[in-house]
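What follows is a set of notes on a single structure, which appears directly below.
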Amino acid sequence: MAADAGIFARIGLIFLFAVNSAAAADRFGTPELPVGGAQGSEKFQTPEPPKPPEPPVVNQQFGPMDGRTADHSKFEALKGPFADSAAVTKACLTCHTEAQKHIKKTIHWTWDYINPRTGQHLGKEHVINNFCTNAKDNEGMCGVCHIGNGVKAGEEYSFNKQDSVDCLVCHDRTNTYYRTPPTRGNAACSTMFEGLPKIDLAKVAQHVGQPGREDCGACHYNGGGGDGVKHGDLDSSLNKPSKSLDVHMAADGLNFSCTECHVTKEHQIAGSRYNMIAKDDIGVGKPGQRRDVATCESCHGDRPHPKPSLIGYQLDAHAERIACETCHIPRIARGGVGTIVDWDWKTAGRLLNGKGYYEEDYKQGNGERRHTYWSIKGAFKWGENLIPTYKWFNGEMIYTLADTRIDTSKPVTPINDPQGSWKDPKSRIWPFKEMHTRMPYDAGNKTLVYNHLWGNDDTSFWGNFDLKKSIAAGMKIEHRPFSGDIGFLPTVSNWPINHMVAPKEDAVKCGECHAQKSRLADVPGVYMPGHTRFPWMDFLGLAGLGLTLGGVAFHGGLRIALNKKNKQNKNKGEAK
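Take 0 as the starting number for the sequence shown in numbering that gives the first Met the number 0 and just add one per residue.
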């Protein structure tokens, strides 16, 4: 029972953004409140708690470090008892002496990154997103995923503190380990994390291993506020996907773990979205050598299609300007888990009977209901089985940062703007999920804002529902100027699609692009037979065809006439 409760706690309770649990009902609603918005025909019910995840998937194929060389259950240092996860880390470091040094150089640890191509200072410490807006002022809730120990309220966090890396958050293979916020939220939020079962740290420490899909997914599936919310191609359906959902990760197929593609060296994990490789011209690299990238070409080569065949050569030619993912990921969010496509922060803060509440008017493919309104966040729209949006992309993104002055004359402000064009030889046509959000901004200074959502104080929005007060607090914490004038800005963020790769027989068919209603209809600079039309070219083509047919007809008619005349002359000669 304790193990089952621990499994439930890990996914179902630690993610405040994702929960639909009974605790959430206690926090943000009362049983007598109506659900369903204007209909009001149903009564607000305490939703069923989320189903506990299944045990870790066995026999996953890992990256270059595949193969077990030690049984951790036999290590004296891991016998415990342990007071906390920091004590486990100390034990881990007695053998893995360099691991912490490696971790502290990674973006998973620092949340800080300077893009060498654009020069922008990025990472979760700096960017503002159009989901829950920012991690900077909300370290308490964000710390549920961050791999650090020792965060304390009112203290500047020391990234250099000894034993501050939490090894278990990535390496637990029991699926019973969980993290709670290292700082307190307001009284209502704190109820979310009450009553959780005690973790058997010794058991977890003795059953560590390379991270499986469910380990990575515990954070990456839940980015942006819940299962599948952010990316559209990452959600819990990938824990045990079918071959039709993901041909690489299929539990009854290749059964790849994340590190099989996201190859790792000294805990540096390849494949950062902050600096992507949009066109890999090197392919598999030197014989027998894995490359420190996470591209399709690094395994399949840059000429992957079957040859000798005309279609193989043609598809390889397509791959020069079209990303592999464009053809081989026909739709996203197709595993039964929805993804949010629209979020309206302007509607946040509504109360019923003086309390926050939520509505669950969306039922996703796997039968679970999702929020369509939540007082702490606003209104949402969901989607499944979506055709991605296609854009030219050369691997660079330009981010709208806190000090970027916004041009409000534009209909939509891009939070991250993919760079590239048909004129750029480094660009290819890539699939994206577009996330549209109407989000608060400083209408006086025309900048994005830091919003103080989480905290045990009267300025945090997830307690006072006062957006102006929470933004003023967030800007003050970050020493940013704030005019006090709040507006709401239409924004879009672009998320490159890499996962949910379909089997080759389910790839996008030629006729889906080479057609009047083409998937690529909105991509500039593309000529596609069957879709693209130039009147003058059509005229010349039809004229040429007409002249050709006329010439053939004239020539054929002339030969028939001459042949007939020759026969008549021959008959006359024979008659004589």
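Even glycine gets a Cβ: it sits at the ideal position worked out from N, Cα and C.
Can you tell me whether DSSP reads residue 238 as helix, strand or coil?
-> coil
When the distance is taken between beta carbons, is residue 126 closer than 8 Å to residue 398?
-> yes
Thinking C-alpha only, which one of 434, 216, 86 is nearest residue 55?
-> 216
Using three-state DSSP, classify residue 315 as helix, strand or coil.
-> helix
Kindly indicate which three-state DSSP category residue 4 falls into: helix, strand or coil?
-> Low per-residue confidence applies at residue 4: pLDDT is 39, beneath 50, and the placement is therefore not dependable, though the value from the model is reported in the following sentence. Three-state DSSP puts residue 4 in a helix.
Taking the alpha carbon of residue 456 as the point to measure from, which residue in 188, 496, 325 has its own alpha carbon closest?
-> 188
Excluding five sequence neighbours on each side, which residues of the same chain lie with their C-beta closer than 6 Å to the C-beta of residue 326?
-> 506, 507
8 Å Cβ shell around residue 428 - same chain, five flanking residues per side excluded = 320, 321, 322, 325, 389, 390, 391, 392, 519, 522, 525
Does DSSP classify residue 558 as helix, strand or coil?
-> helix
Quick one: any contact between the segment 68 to 75 and the segment 193 to 211, if contact means 3 or more CB pairs under 8 Å?
-> yes
Helix, strand or coil: which one does DSSP assign to residue 339?
-> strand
From this set, 93, 251, 173, which residue's C-alpha is nearest residue 59's C-alpha?
-> 251
Consult DSSP for residue 171 and reduce its assignment to one of helix, strand or coil.
-> strand
Under a Cβ-count criterion, where at least 16 other Cβ atoms within 10 Å of its own Cβ denotes burial, should residue 349 be classed as buried or exposed?
-> exposed
Determine the DSSP secondary structure at residue 413, reduced to helix, strand or coil.
-> strand
Check residue 539 in the structure and name its three-state DSSP category.
-> helix
Cβ shell of residue 559 (< 6 Å), same chain only, five flanking positions each side left out | none
Quick one: is residue 314 buried, meaning 16 or more other Cβ sit within 10 Å of its Cβ, or exposed?
-> buried
Sequence-distant residues of its chain with Cβ nearer than 6 Å to residue 476 (five each side left out) = 136
Could you spell out where the alpha helix (DSSP H) holding residue 381 opens and where it closes?
-> Premise fails: residue 381 lies in the beta strand (DSSP E), 377 to 382, not in any alpha helix (DSSP H).
According to DSSP, is residue 492 helix, strand or coil?
-> strand
Reduced DSSP secondary structure (H/G/I, E/B, other) of residue 368 | strand
Have a look at 297, 358, 434, 338 and flag the residue whose alpha-carbon is nearest the alpha-carbon of residue 228.
-> 338
Go through its chain and collect everything with a Cβ distance to residue 576's Cβ below 6 Å, but skip five positions before and after it.
-> Past the boundaries of the shown model lies residue 576; the chain is included only from 0 to 575, so the question cannot be answered.
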